[in-house]
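Order-wise, the sequence lines are chains Z and Y.
If you use the numbering used here, the first sequence corresponds to residues 739 to 955, in order.
If you use the numbering used here, the second sequence corresponds to residues 7 to 219, in order.
Don't be surprised by glycine CBs; every beta carbon is placed ideally from N, CA and C.
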Amino acid sequence: MNLEEIKSQIEANVPGCSLEILPNGSPSGQHSLLVDKEHALTVASFLRDGASPRFDYCSNVTGVDWPLKEISTKQKTKKLVDGVEKDVEEVIKTTTGNYLEVVYHLFSLEDRQGPLVLRMRTEDRAERVHLPSLTPVWRSADFQEREVYDLFGVLFDGHPDLRRLLMWDSFTDFPMRKDYVDPDDYEYEPTAHDEVLKRTQAHYAAQGEPSEAEGAR
Amino acid sequence: MDEQLKNELRRQGVVATTLQELYNWGRKSSIWPLNFGLACCAIEMIATTMARYDLARFGAEVFRPSPRQADLMIVAGTVTKKMAPQVVRLYNQMAEPKYVISMGACAISGGPFKQGYNVLKGIDRYIPVDVYIPGCPPRPEALLDAFLMLQRKIDEQQLTGPDRPRHLQAELPSEFTVPECSEHDLTPTRNDAIWQVPLVNISNAGKNESGRD
C-alpha cells in the first residue's frame, strides 16, 4: 500500500479536494494523509467503496491538540553593512498550530492492508471547531468521535448523537486540551515537591490565607 | 458474667449469653454485600466469593442486587467523579445497620489516578468507611481479612451507652449528601461532617533540611 498511490486515486475520483501527505520521521514511517474538511466525507466514502484496496474498517479515532506555538529559526544571509558584505543572522519567527486535529486509522480487512492514517484539522481552537463526522461512513467511529468531542471539544457535524461520553453532561471543559486547567482540588500532601508543591502554593495563594508554607518562606 | 463461668456452664450444657452478644452474632454472621463492582478490584471480589476462596464460609455468600437488602457495600474499584453520586445514592438507599469496605488504592485515595481530572480522591469523602484494604488490587485473602476485621468490629459494638454504633443513635444521620456533578468538579468536593483534611505540617515543603529554599 502506497500512500502516494492512494492520494492520486482520491484526487482522480474526488474532484476539488486538497490532500497533503504529512511525513512521519520516526522509523515506522507511518505517514498520514491530511484531508480538507469540505471534501472529507466524499473522500471517506470513496475510500470505503471505490478505492483499491477498499478501507472497510475504521479501527481508531483520536484527537490531537496543537496550541499556538511560535518557532524562531535562525537564517544566515549576506547583507551590505556599511558597504561591506557580511554574514548576518536573521531570526525568522513563524507560528504553527492553533488547531485541533482528528486522526482516523483505517484498515482494509478485505485485502489485509493498513493502517491508512487520515487527518482533519479545525480552523482554530476556540470558535471554528467544526469538522464533518465520518460516522455515516464508518459506524465504528460513533463512540470514538463522541469521545473526541468530550475530551477535545471538536464538534462533528452530521454525527447522529453527539453527546459527552466519559464526562458528565453538565461538564463544560475539555480536559485533554493542553490549556485545560483542572479544578483546584488540592487537599493535602505530606511531602509536597515539584508539580505538587506548585499546586500546594497555588492552592493557598488562591485561598488568600497565608499558609504555613508561605509564612515560612 | 465472666468468661470462665460461662465456659464452665457451657461444658455442663447450659448456654448463657446476653442480648448484645446474640444481636452482634446475628449481624456479623450474615453480612450480605451489595452486588456491584466498579473496576478491576471487582474481579478480585468476585474471585473471593467463588469456590476457591469461598466468602460463604463467613456468612456473606448472598450478594444482593438491591441496596434495600444489603448490609455491606464493598466499594471495589476506581470511583470516578461521574460515578460518585450514584455510589452515595446506593449507600443512602441501604437499610441500617450498614457497613462500607473501601477496597483497593483507588477507592481509598484515588490511587494511581489521584491527580487526574475525573477520579474521586477516595470514597470516604462522602460516606463513612469501616474498613480500608490497601492493594492494587488486593488479593482475595486481603478481602477476607477485611471481612473478618469488620466482623470483629461488629462483635465489639455496644447496644447501649455513648459508644453505641451509629444506627442505634437516632440523632446521627444514616443518609449523606449526594454530590452534584457541576461544571468543573463535584460540588461539594467533600462532606466536611465525615471527612476533614488531615493536619499536615507542610512548613518544610520544598526546602532542604536547613529549612531554606
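Min CB distance Trp804 of chain Z to chain Y below 9 Å: Along the first sequence, read from residue 1 onward, the residue named residue 804 of chain Z stands at position 66. Output row for Trp804 of chain Z: interface = no.
Segment limits, beta strand (DSSP E) that includes Gln18 of chain Y: In the second sequence, the residue the question calls residue 18 of chain Y occupies position 12. Neither: Gln18 of chain Y is in no beta strand (DSSP E) and is coded neither H nor E.
Run of the alpha helix (DSSP H) containing Gln941 of chain Z, from where it starts to where it stops: Within the first sequence, residue 941 of chain Z is the residue found at index 203, counting from 1. For the record, residue 941 of chain Z in the displayed sequence is His; it is not Gln. That run of the alpha helix (DSSP H) goes 932-945.
Cutoff 9 Å: Val886 of chain Z Cβ touching any chain Y Cβ: On the first sequence, position 148 is the one that residue 886 of chain Z refers to. By this cut-off, Val886 of chain Z is not an interface position.
Ala76 of chain Y to Glu925 of chain Z span [Cα, whole Å]: In the second sequence, counting from the first residue as 1, residue 76 of chain Y sits at position 70. In the first sequence, counting from the first residue as 1, residue 925 of chain Z sits at position 187. Looking at the two C-alpha atoms, the distance is approximately 32 Å.
Which of helix, strand or coil DSSP assigns to Ala782 of chain Z: Translated into positions along the first sequence, residue 782 of chain Z becomes position 44. DSSP places Ala782 of chain Z in helix when its eight states are reduced to three.
Under 8 Å from the C-beta of Thr910 of chain Z: neighbouring residues of chain Y: Taking the first sequence and counting its residues from 1, the one referred to as residue 910 of chain Z is at position 172. Near Thr910 of chain Z (Cβ distances below 8 Å), the residues of chain Y are Glu189, His190.
Neighbourhood of Leu154 of chain Y by C-beta, 8 Å cutoff - its chain only, sequence neighbours within 5 removed: The residue you call residue 154 of chain Y lines up with position 148 of the second sequence. Excluding positions up to five away in sequence, the list reads Phe64.
Cβ neighbour criterion (16 or more within 10 Å) applied to Ser108 of chain Y: Against the second sequence, residue 108 of chain Y aligns to sequence position 102. It is buried - the Cβ of Ser108 of chain Y has at least 16 other Cβ atoms within 10 Å.
Contact list for Lys127 of chain Y against chain Z, beta-carbon separation under 8 Å: Along the second sequence, one-based indexing puts residue 127 of chain Y at 121. Neighbours of Lys127 of chain Y on chain Z, chain order: Asp923, Glu925.
Which of helix, strand or coil DSSP assigns to Val867 of chain Z: Here residue 867 of chain Z corresponds to residue number 129 of the first sequence, with the count starting at 1. Reduced to three states, the DSSP call for Val867 of chain Z is coil.
Those residues which DSSP pairs with Arg859 of chain Z across a bridge: The sequence position of residue 859 of chain Z within the first sequence is 121, counting from 1. Answer is Z:Glu839.
Beta-carbon proximity of Val886 of chain Z to Val799 of chain Z, cut-off 9 Å: Within the first sequence, the letter at position 148 stands for residue 886 of chain Z. Within the first sequence, the letter at position 61 stands for residue 799 of chain Z. Yes; because the gap between Cβ atoms is below 9 Å, this pair is in contact.
Spatially closest choice to Arg877 of chain Z from Z:Gly891, Z:Asn740, Z:Asp899, by CA coordinates: Walking along the first sequence from the start, residue 877 of chain Z turns up at place 139. If we check each option's Cα against that of Arg877 of chain Z, Z:Asp899 comes out closest.
Distance between Val819 of chain Z and Val826 of chain Z (C-alpha atoms, nearest Å): Indexing the first sequence from 1 puts residue 826 of chain Z at position 88. Indexing the first sequence from 1 puts residue 819 of chain Z at position 81. The straight-line gap from Cα to Cα measures roughly 9 Å.
Chain Z within 9 Å of Asn197 of chain Y, Cβ atoms only: Here the question's residue 197 of chain Y lines up with position 191 in the second sequence. Closer than 9 Å: no.
Sub-9 Å separation of Gly835 of chain Z and Lys807 of chain Z beta-carbons: Here residue 835 of chain Z refers to the residue found at position 97 when the first sequence is read from its first residue. Here residue 807 of chain Z refers to the residue found at position 69 when the first sequence is read from its first residue. Against a cut-off of 9 Å, the Cβ pair of Lys807 of chain Z and Gly835 of chain Z comes out as a contact.
Beta carbon proximity, Asp917 of chain Z to chain Y, threshold 9 Å: Position 179 of the first sequence, counting from 1, holds the residue named residue 917 of chain Z. Cβ-Cβ to chain Y under 9 Å: no for Asp917 of chain Z.
Sub-9 Å separation of Tyr132 of chain Y and Arg70 of chain Y beta-carbons: Counting from 1 along the second sequence, the entry for residue 132 of chain Y is found at position 126. Counting from 1 along the second sequence, the entry for residue 70 of chain Y is found at position 64. In this structure, Arg70 of chain Y does not lie closer than 9 Å to Tyr132 of chain Y by Cβ.
Per-residue contacts from Trp906 of chain Z into chain Y (C-beta, under 8 Å): Within the first sequence, numbered from 1, the residue matching residue 906 of chain Z stands at position 168. What Trp906 of chain Z touches in chain Y: Lys87, Lys88, Cys187.
Cβ of Ser216 of chain Y within 9 Å of any chain Z Cβ: Mapped onto the second sequence, residue 216 of chain Y falls at position 210. Since pLDDT at Ser216 of chain Y reaches only 47, below the 50 mark, its modelled position is unreliable, and the value read off the structure follows with that caveat. With 9 Å as the cut-off, Ser216 of chain Y does not count as an interface residue toward chain Z.
Counterpart residues of Ser108 of chain Y in DSSP-defined beta bridges: On the second sequence, position 102 is the one that residue 108 of chain Y refers to. Ser108 of chain Y pairs with Y:Val81, Y:Tyr138.
Cβ distance (whole Å) where Thr811 of chain Z is taken to contact Ile830 of chain Z below 8 Å: Residue 811 of chain Z sits at position 73 when you count from the first residue of the first sequence. Residue 830 of chain Z sits at position 92 when you count from the first residue of the first sequence. Right, the Cβ-Cβ distance comes to about 5 Å (below 8 Å), so this counts as a contact.
Between the CA atoms of Tyr105 of chain Y and Ala148 of chain Y - distance to the nearest angstrom: Start at 1 with the first residue of the second sequence, and residue 148 of chain Y comes out as number 142. Start at 1 with the first residue of the second sequence, and residue 105 of chain Y comes out as number 99. Each residue's alpha carbon lies about 17 Å from the other.
Neighbourhood of Thr832 of chain Z by C-beta, 6 Å cutoff - its chain only, sequence neighbours within 5 removed: Residue 832 of chain Z sits at position 94 when you count from the first residue of the first sequence. Answer for Thr832 of chain Z: Ile809, listed in chain order.
Three-pair Cβ contact test at 8 Å for the segment 52-64 of chain Y versus the segment 86-104 of chain Y: no
Neighbour flag for Pro220 of chain Y against chain Z, beta carbons, 9 Å: As shown, chain Y starts at 7 and ends at 219. That puts residue 220 of chain Y outside it, with no answer to give.
Extent of the continuous beta strand (DSSP E) run through Lys814 of chain Z: Taking the first sequence and counting its residues from 1, the one referred to as residue 814 of chain Z is at position 76. 807-819 is the span of the beta strand (DSSP E), which, as asked, contains Lys814 of chain Z.
Candidates Y:Leu150, Y:Gly83, Y:Pro134, Y:Ile37, of which the one nearest Lys120 of chain Y by Cα: In the second sequence, the residue the question calls residue 120 of chain Y occupies position 114. Nearest of Y:Leu150, Y:Gly83, Y:Pro134, Y:Ile37 to Lys120 of chain Y, Cα basis: Y:Gly83.
Val239 of chain Y at chain Z interface by Cβ criterion, 9 Å: Nothing about residue 239 of chain Y can be read from this structure; chain Y reaches only from 7 to 219.
C-beta neighbour in chain Z for Tyr59 of chain Y, strict 9 Å: Looking up residue 59 of chain Y in the second sequence gives position 53. No, Tyr59 of chain Y does not count as interfacial toward chain Z.
Nearest-angstrom Cα separation, counted from Ser36 of chain Y out to Leu178 of chain Y: To locate residue 178 of chain Y, count along the second sequence from 1; it is residue 172. To locate residue 36 of chain Y, count along the second sequence from 1; it is residue 30. C-alpha separation (whole angstroms): 24 Å.
Beta strand (DSSP E) segments (min. 3 residues) lying fully within the segment 874-939 of chain Z: 893-895
Close beta carbons around Arg33 of chain Y, own chain, < 7 Å, minus the five adjacent residues each side: Translated into the one-based positions of the second sequence, residue 33 of chain Y becomes position 27. Excluding residues within five positions, the ones whose Cβ falls inside 7 Å are Pro103, Ile160.
Residue-level contact to chain C via CB, Val93 of chain Y, 9 Å cutoff: The structure shown contains no chain C; its protein chains are Z and Y.
Pro204 of chain Y: contacting residues in chain Z (beta-carbon distance under 9 Å): Locating residue 204 of chain Y in the second sequence gives position 198, counting from the first residue. Those are Glu925, Tyr926, Pro928, listed as they occur along chain Z.
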